[in-house]
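**Q** Quick note on the working numbering: the sequence shown kicks off at 426 and runs consecutively.
Even glycine gets a Cβ: it sits at the ideal position worked out from N, Cα and C.
If you scroll down you'll find the structure; I have some questions about it.
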Amino acid sequence: MTIKKMLMVTAIMLAPYAAHAEVVGSVDTTFKVFGPDHKIVVEAFDDPDVQNVTCYLSRAKTGGIKGGLGLAEDTSDAAISCQQVGPITLSDKIAQGKAEGEVVFRKRTSLVFKKLQVVRFFDRKRNALIYLSYSDKVVEGSPKNALSAVPIMPWSR
């Protein structure tokens, strides 16, 4: 099997993990003569199992020729902030404790082997949702991570 075919098969296999996020905005960080500039992109996504919680991610996006063609590997730098945007309603699987450490967002940050993920935890004792963002790679991940917590008030359920 050629490398091109292997990359296509891998891309098809990763397609079901594509998460939907809306780009809120971006800022350029480095001017590139050829291709798009390096940027910091701000995206928003709604937690699929918690009604009225939205998370905002800021992440580095590599530009240049490789970045413009989708061949560059983005750095592992990212930040997250999750907010209550209305009355919170937990899905049954979270309320019953069946969704501990669940991936709620995943985005590819290199052609094949690296992705940015957000994992949700439910801290029952403190009645809060915890969102952890981190980057992983098939061979070597990154210890860079960010954390956000959303308190759940007793009347929110």
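#1: When DSSP labels each residue in this structure, what does A520 get in the three-state scheme?
#2: Any contact between the segment 508-520 and the segment 528-535? By contact I mean 3 or more CB pairs, one from each, below 8 Å.
#3: Enumerated in chain order, which unbroken segments of the beta strand (DSSP E) with a length of 3 residues or greater are wholly contained in the segment 487-555?
#4: Taking I513 and N570 to be in contact with their CB atoms under 8 Å, please state how far apart those CB atoms are, rounded to whole angstroms.
#5: Please report the straight-line C-alpha distance between L554 and D502, rounded to a whole angstrom.
#6: Under DSSP, the beta strand (DSSP E) around S451 begins and ends at which residues?
**A** Checking against the coordinates, here is how it stands:
#1: For the purposes of this step, residue 520 is taken as residue 95 along the sequence shown, with counting starting at 1. DSSP places A520 in helix when its eight states are reduced to three.
#2: Contact between the segment 508-520 and the segment 528-535 is not established, with fewer than three Cβ pairs separated by less than 8 Å.
#3: Assignment of beta strand (DSSP E) within the segment 487-555, counting only whole runs of 3 or more residues, yields 503-515, 527-533 and 539-548 in chain order.
#4: Looking up residue 513 in the sequence shown gives position 88. Looking up residue 570 in the sequence shown gives position 145. About 24 Å; that fails the 8 Å criterion.
#5: Against the sequence shown, residue 554 aligns to sequence position 129. Against the sequence shown, residue 502 aligns to sequence position 77. Using only the alpha carbons, I get a separation of about 22 Å.
#6: As a working note, residue 451 is residue 26 in the sequence shown. E447 to T455 is the span of the beta strand (DSSP E), which, as asked, contains S451.
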